[in-house]
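Student: Chains as they are written, first to last, in the working numbering: chain A, 1 to 160; chain B, 1 to 448; chain C, 1 to 155.
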Amino acid sequence: MPKLHEKLKERWPEDVVELHDFRGDETAVIKRESLLRIADFIKRDSQFDLNVLIDLTAVDGLPLKWKPRFEVVYHFYSTAKNHRLRLKVRVEQEDAVVASLTGIWPVANWFEREVWDMFGIRFEGHPDLKRILMYEEFSGHPLRKDYPYNKRQPLIGPKN
Amino acid sequence: MTTTPEIKKTRTESMLINVGPSHPAMHGIVRIIAELDGEKIVSSDVEIGYLHRAFEKSAEQGGYLQVIPYTDRLNYVSPLINNVGYCLAIEKLFGLEITERAKYIRVIMSEISRVTDHLTCVGASAMELGAFTVFLYMIKAREFLYELIEEVTGARLTISYTRVGGVKGDLPKGFADKCRNAILETRKILKEVDELLTCNRIFVDRMKDVGVISKEDALAYGITGPFLRSTGVDYDVRRASPYLVYNRFDFEVPVGEHGDNYDRYLCRMEEMEQSMRIVEQALRDMPEGPVLLDTEGNVIPAAEMADQGKLGRIEGLPGQTAAVDPTLEGAHKENYASVETDNKRIALPPKEDTYTNIEGLMNHFKMIMMGHGIRPPKGEAYFPVEGANGELGFYVVSDGTDKPYRVRVRPPCFVIMAALPLMINGGMFADIVPTFGSVNMIGGEMDR
Amino acid sequence: MKGNESTGFFTSTINDMIGWARKYSIFQYPFVTACCGMEYMATACSHYDVDRFGAGLPRFSPRQSDVLFVVGTISHKLAPVLKQIYDQMTDPKWVVAFGVCTCTGGFYDNYATVMGIDTIIPVDVYIPGCPPRPENVLDGLIKLQEKIQNQKQEY
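#1: Counting only runs of 4+ residues fully inside the region 73 to 154 of chain A, write out the alpha helix (DSSP H) ranges in chain order.
#2: Can you name, in chain order, every residue of its own chain whose Cβ lies under 7 Å from the Cβ of Arg106 (chain B), other than the five neighbours on each side?
#3: Nearest by alpha-carbon distance to Tyr336 (chain B): which of B:Tyr76, B:Leu119, B:Gly165, B:Met286 is it?
#4: Would DSSP call Pro384 (chain B) helix, strand or coil?
#5: Does any residue of chain B bring its CB to less than 7 Å from the CB of Pro106 (chain A)?
#6: Taking the straight line between their C-alpha atoms, what separation do you get for Ala176 (chain B) and Leu283 (chain B)?
#7: For Ile416 (chain B), tell me which candidate among B:Val397, B:Gly400, B:Ser438 has the shortest Cα-Cα distance.
#8: Which residues of the region 102 to 121 of chain B have a Cβ closer than 9 Å to any Cβ of chain A? Give them in chain order.
#9: Nearest CA to the CA of Tyr149 (chain A): which residue from A:Ala96, A:Glu124, A:Glu114, A:Met118?
#10: Given a cut-off of 7 Å, decide if Leu87 (chain A) and Ile30 (chain A) are closer than it, judged by their beta-carbon atoms.
#11: How about Arg229 (chain B) and Phe251 (chain B): do their beta carbons lie closer than 7 Å?
#12: Please confirm if the region 84 to 102 of chain B is in contact with the region 373 to 386 of chain B, defined as three or more CB-CB distances below 8 Å between the two stretches.
#13: Check the Cβ of Lys52 (chain A) against every Cβ in chain B and list those closer than 7 Å, keeping chain order.
#14: Jot down the residue ranges of each uninterrupted beta strand (DSSP E) in the region 38 to 87 of chain C, minimum 3 residues, whole runs only, in chain order.
#15: Are any of the Cβ atoms in chain A nearer than 7 Å to that of Met446 (chain B)?
#16: For Cys130 (chain C), tell me which candidate among C:Thr11, C:Thr104, C:Ala112 has the shortest Cα-Cα distance.
#17: Whole-angstrom Cβ separation of Thr514 (chain B) and Ala141 (chain B), contact assumed at under 8 Å?
#18: Assign Leu136 (chain B) to one of three DSSP states: helix, strand, or coil.
#19: I'd like the list of long-range same chain contacts for Pro404 (chain B), defined as Cβ closer than 7 Å, with 5 residues on each side in sequence excluded.
#20: So for Asp15 (chain A), helix, strand or coil by DSSP?
#21: Helix, strand or coil, according to DSSP, for Ile278 (chain B) in the structure here?
#22: By how many angstroms is the C-alpha of Tyr135 (chain A) removed from the C-alpha of Met109 (chain B)?
#23: Counting only Cβ pairs nearer than 8 Å, list the residues of chain B close to Phe22 (chain A).
#24: For a quick check, are the C-beta atoms of Tyr111 (chain C) and Arg152 (chain A) less than 7 Å apart?
#25: Assuming Glu92 (chain A) and Pro68 (chain A) make a contact with CB atoms under 8 Å, what is their CB distance in whole Å?
#26: Curious, which full-length beta strand (DSSP E) runs of at least 3 residues does the region 108 to 155 of chain C contain?
#27: Hey, does Arg201 (chain B) have any beta-carbon neighbour from chain C nearer than 7 Å?
#28: Return the CA-CA distance between Gly3 (chain C) and Pro92 (chain C), expressed in angstroms with no decimal places.
#29: Nearest to Tyr77 (chain A) by alpha carbon, out of B:Gly393, B:Cys413, B:Ala418, B:Gly444?
#30: Could you check the C-alpha separation between Val67 (chain C) and Ser75 (chain C) for me, to the nearest Å?
#31: In chain order, which alpha helix (DSSP H) runs of at least 4 residues are fully inside the region 190 to 262 of chain B?
#32: Give the residues of chain C in contact with Ile156 (chain A), contact being defined as C-beta atoms less than 8 Å apart.
#33: Starting from the Cα of Val204 (chain B), find the closest Cα among B:Met441, B:Pro434, B:Arg448 and give me that residue.
#34: For a contact defined as C-beta to C-beta under 9 Å, what are the partners of Pro127 (chain A) on chain B?
#35: For the pair the region 419 to 431 of chain B and the region 9 to 16 of chain B, tell me if three or more CB-CB distances fall below 8 Å.
#36: Which chain C residues sit within Cβ distance under 8 Å of Ala54 (chain B)?
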């Protein structure tokens with residue numbers, strides 16, 4: 001009985017680049033251009049039926065010298081079939097743009113704002129991409145590995 | 001006959017009201033910008049991020065065990081659930097199974113934390129509607145549970161109780177009776193609150209059909225927990241993907257119908273009762289851990305023992321038992337094997353071993369010092385746990401060293417706040433207060 | 001710290017009386033942000049009652065209160081709001097830094113946290129602890145009351 005990520009590879013063989021199943025979490029790495037197509041498919045298809053977007057985040061691979069540098073990670077869940085899937089999309093630093101999933105799952109609005117705020121990855125098609133956790137006068141993207149941990153940019157008060 | 005005066009057409013425009021960040025009805029800090037037409041809300045926007053404390057970046061600075069105090073302060077009304085979730089994610093990376101007794105202890109403490117969370121939520125939201133007595137009763141019940149938690153872990157709120165591989169120390173003697181007493185008192189208080197609120201005309205009028213959200217909207221926004229269950233979808237992580245020993249207990253998951261504030265209140269009250277049922281069953285079924293033989297003989301304080309050894313007076317020293325500090329009660333050697341795994345790469349040795357033999361000392365050193373420490377294999381793991389607000393997930397990426405590479409918390413109330421404009425638009429301004437109260441927004445979890 | 005040695009007997013008695021009246025009728029503005037808020041709630045409620053010290057009525061407007069309890073971590077995004085609230089309060093006013101995050105920043109030495117609110121506003125009493133036990137809070141409150149009694153009153 002093929003698992004979920006393997007079924008995805010059978011259906012879209014050129015778009016799924018890598019598969020793994022570490023500790024039972026089914027994961028598929030897909031190409032950036034195919035994200036909207038595959039996201040729409042997994043929501044509508046009756047075998048997948050992944051109707052809930054649980055989480056959207058990113059990982060920065062600078063010290064491990066990942067090429068491309070960033071990895072955007074999506075977690076999906078199906079309430080009807082009780083199974084989960086993780087999708088990953090890899091983006092380069094110079095061209096850090098990914099399609100936005102706001103049209104399919106409205107909750108992606110806030111998650112993508114947070115990834116923009118913390119990592120600097122843009123989402124194409126997002127209605128209002130602005131910072132959510134930091135203030136607008138902040139410059140830089142804090143969760144990147146090259147942003148120092150205690151570099152403060154105070155609005156008022158001393159700088160130390 | 002007087003002619004009716006001509007009423008001039010008055011020009012109206014909508015008013016922008018800023019609720020917060022520092023407002024008495026906002027638990028924690030959030031800013032709601034509401035555009036009003038008279039008393040009706042035309043549109044609204046929510047601004048968060050006022051309590052961003054950089055949890056995810058702090059987790060990358062030290063070892064795996066040093067993240068545990070930061071996780072306490074995520075959802076600070078139910079801190080044990082965060083600890084348990086984080087340790088379960090790391091244990092999934094290792095592929096480790098912990099001892100039975102540790103699993104039961106984790107379940108008991110998680111459920112007690114869930115009860116404190118719901119008590120605080122219902123109490124605070126009732127206070128904002130004017131029922132100050134209910135708030136005092138709920139906080140009184142919470143004090144009983146805080147005393148219980150303090151007996152076991154040593155602190156009331158920020159406990160850092162679990163470790164990778166088990167829990168820090170065993171339950172103290174006489175815990176089962178104290179726990180049953182506390183549950184009895186809490187049940188009495190819940191009964192009183194039920195009589196005060198559930199059929200109260202004012203409460204029902206303010207909460208029924210207010211803040212309604214439909215099933216489809218709730219799923220589209222990724223909402224989970226009592227919020228989703230009040231709309232009619234039966235999804236609970238403890239049932240869907242059971243972790244620890246939840247599959248052995250007999251408990252019900254309350255599911256509502258209308259998706260309004262009143263259903264959420266009823267869901268939370270019923271969940272508290274079910275949590276207490278789980279605790280009673282766990283106390284009954286908990287296995288005893290293996291008990292090692294107590295070495296009779298001279299027992300001297302550990303610090304003095306180390307001093308004597310340094311001065312060269314070593315006759316009679318080897319083989320003696322070290323008496324460790326009373327704050328380590330529950331972590332003595334005879335209980336240790338029942339609450340911590342015996343995998344030497346993951347769990348610290350018992351303190352008697354650290355002070356008395358070189359293998360224990362080297363083991364302790366290897367685990368604590370920087371550059372050494374626990375090293376999960378390379379990879380990533382996501383572990384969902386049922387938090388008090390919904391699915392609390394920890395996504396941990398490890399690169400094989402002793403520092404976590406990336407720790408991500410999936411916050412349950414972040415997504416609920418994203419859906420808040422849906423619930424208050426079209427309603428009256430005064431309805432923001434009960435709706436926001438039933439959201440149970442915890443700033444530490446939302447902004448991390 | 002008695003600043004009234006150079007004044008006569010009558011004025012120093014007036015000073016003490018006003019101090020006595022002010023210390024037993026504290027109207028607090030609880031600026032609650034994070035985990036310390038739970039211990040603030042526990043102190044204010046029936047088990048560790050703070051009402052018996054005269055400080056039991058929170059006034060939810062800065063213009064109507066005299067003690068600003070800053071409870072919980074202050075981030076840089078929130079710092080201008082705190083300063084504005086402090087400026088809005090009318091004299092005489094006192095500030096209590098509740099919890100170690102407000103005293104010195106706690107263990108959050110990172111890009112987002114203010115390392116102690118005394119870099120922004122002047123503080124009168126520091127209550128350390130993470131979170132402080134309710135007994136600590138009552139101890140801090142009694143110290144604040146002593147300070148109010150002994151300072152030179154402006155009126």
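For glycine and all other residues, C-beta sits at the position ideal for the given N, C-alpha and C.
Tutor: Let me lay it out:
#1: 108 to 119
#2: Residue mapping note: residue 106 (chain B) aligns to position 106 of the second sequence, counting from 1. So the qualifying residues of the chain are Val84, Thr162, Val167, Leu244.
#3: As a position in the second sequence, residue 336 (chain B) is number 336, starting the count at 1. Answer by Cα proximity: B:Gly165.
#4: Locating residue 384 (chain B) in the second sequence gives position 384, counting from the first residue. Here Pro384 (chain B) sits in strand by DSSP.
#5: As a working mapping, residue 106 (chain A) is identified with position 106 in the first sequence. Cβ-Cβ to chain B under 7 Å: yes for Pro106 (chain A).
#6: Within the second sequence, numbered from 1, the residue matching residue 176 (chain B) stands at position 176. Within the second sequence, numbered from 1, the residue matching residue 283 (chain B) stands at position 283. Going by the C-alpha atoms only, they are around 6 Å apart.
#7: Within the second sequence, residue 416 (chain B) is the residue found at index 416, counting from 1. Nearest of B:Val397, B:Gly400, B:Ser438 to Ile416 (chain B), Cα basis: B:Ser438.
#8: none
#9: By 1-based counting over the first sequence, the position of residue 149 (chain A) is 149. Minimum Cα distance to Tyr149 (chain A) is reached at A:Met118.
#10: Stepping through the first sequence from its first residue, residue 30 (chain A) is reached at position 30. Stepping through the first sequence from its first residue, residue 87 (chain A) is reached at position 87. Yes, Cβ-Cβ distance for Ile30 (chain A) and Leu87 (chain A) is below 7 Å.
#11: Here the question's residue 229 (chain B) lines up with position 229 in the second sequence. Here the question's residue 251 (chain B) lines up with position 251 in the second sequence. Against a cut-off of 7 Å, the Cβ pair of Phe251 (chain B) and Arg229 (chain B) comes out as no contact.
#12: yes
#13: Taking the first residue of the first sequence as 1, we reach residue 52 (chain A) at position 52. A small fix is needed here, since residue 52 (chain A) is Val in this sequence, not Lys. Ordered by position in chain B, the residues that pass the 7 Å Cβ test against Val52 (chain A) are Leu219, Gly222.
#14: 67 to 71
#15: Taking the first residue of the second sequence as 1, we reach residue 446 (chain B) at position 446. Cβ-Cβ to chain A under 7 Å: no for Met446 (chain B).
#16: Taking the third sequence and counting its residues from 1, one reaches residue 130 (chain C) at position 130. Per the Cα distances, C:Thr104.
#17: Any question about residue 514 (chain B) goes unanswered here, given that chain B covers just 1 to 448.
#18: Looking up residue 136 (chain B) in the second sequence gives position 136. Three-state DSSP puts Leu136 (chain B) in a helix.
#19: In the second sequence, the residue the question calls residue 404 (chain B) occupies position 404. Result list for Pro404 (chain B): Ala59, Glu60, Tyr64, Val67, Val396, Ser398, in chain order.
#20: Taking the first sequence and counting its residues from 1, one reaches residue 15 (chain A) at position 15. Reduced to three states, the DSSP call for Asp15 (chain A) is coil.
#21: As a position in the second sequence, residue 278 (chain B) is number 278, starting the count at 1. Helix, per DSSP.
#22: For the purposes of this step, residue 109 (chain B) is taken as the residue at position 109 of the second sequence. For the purposes of this step, residue 135 (chain A) is taken as the residue at position 135 of the first sequence. Cα to Cα, the separation comes out at about 37 Å.
#23: Against the first sequence, residue 22 (chain A) aligns to sequence position 22. Simply Gly379, Glu380, Ala381.
#24: What you label residue 111 (chain C) is simply residue 111 of the third sequence in a count that begins at 1. What you label residue 152 (chain A) is simply residue 152 of the first sequence in a count that begins at 1. Against a cut-off of 7 Å, the Cβ pair of Arg152 (chain A) and Tyr111 (chain C) comes out as a contact.
#25: Counting from one through the first sequence, the residue named residue 92 (chain A) turns up at place 92. Counting from one through the first sequence, the residue named residue 68 (chain A) turns up at place 68. Rounded, the Cβ-Cβ distance is 4 Å, consistent with contact.
#26: Counting only runs of at least 3 residues, the region 108 to 155 of chain C fully encloses the following beta strand (DSSP E) elements, listed from N- to C-terminal order: 125 to 127.
#27: Counted from its first residue, the second sequence places residue 201 (chain B) at position 201. No, because no Cβ of chain C sits closer than 7 Å to the Cβ of Arg201 (chain B).
#28: Start at 1 with the first residue of the third sequence, and residue 3 (chain C) comes out as number 3. Start at 1 with the first residue of the third sequence, and residue 92 (chain C) comes out as number 92. In this prediction, Gly3 (chain C) has a pLDDT of 49, which is less than 50 and means its spatial position is unreliable; nothing more can be read from the coordinates.
#29: Numbered from its first residue, the first sequence carries residue 77 (chain A) at position 77. For Tyr77 (chain A), the closest alpha carbon among the candidates B:Gly393, B:Cys413, B:Ala418, B:Gly444 is that of B:Gly393.
#30: For the purposes of this step, residue 67 (chain C) is taken as the residue at position 67 of the third sequence. For the purposes of this step, residue 75 (chain C) is taken as the residue at position 75 of the third sequence. Computed Cα separation, rounded: 21 Å.
#31: 201 to 207, 215 to 220, 226 to 229, 237 to 240
#32: If you number the first sequence from 1, residue 156 (chain A) lands on position 156. Result: Ala79, Pro80, Lys83, Ile120.
#33: The residue given as residue 204 (chain B) occupies position 204 in the second sequence. Answer by Cα proximity: B:Pro434.
#34: As a working mapping, residue 127 (chain A) is identified with position 127 in the first sequence. Ordered by position in chain B, no residue passes the 9 Å Cβ test against Pro127 (chain A), which lies about 12 Å from the chain.
#35: no
#36: Numbered from 1 along the second sequence, position 54 holds the residue referred to as residue 54 (chain B). Neighbours of Ala54 (chain B) on chain C, chain order: Tyr108, Asn110, Tyr111, Ala112, Thr113.
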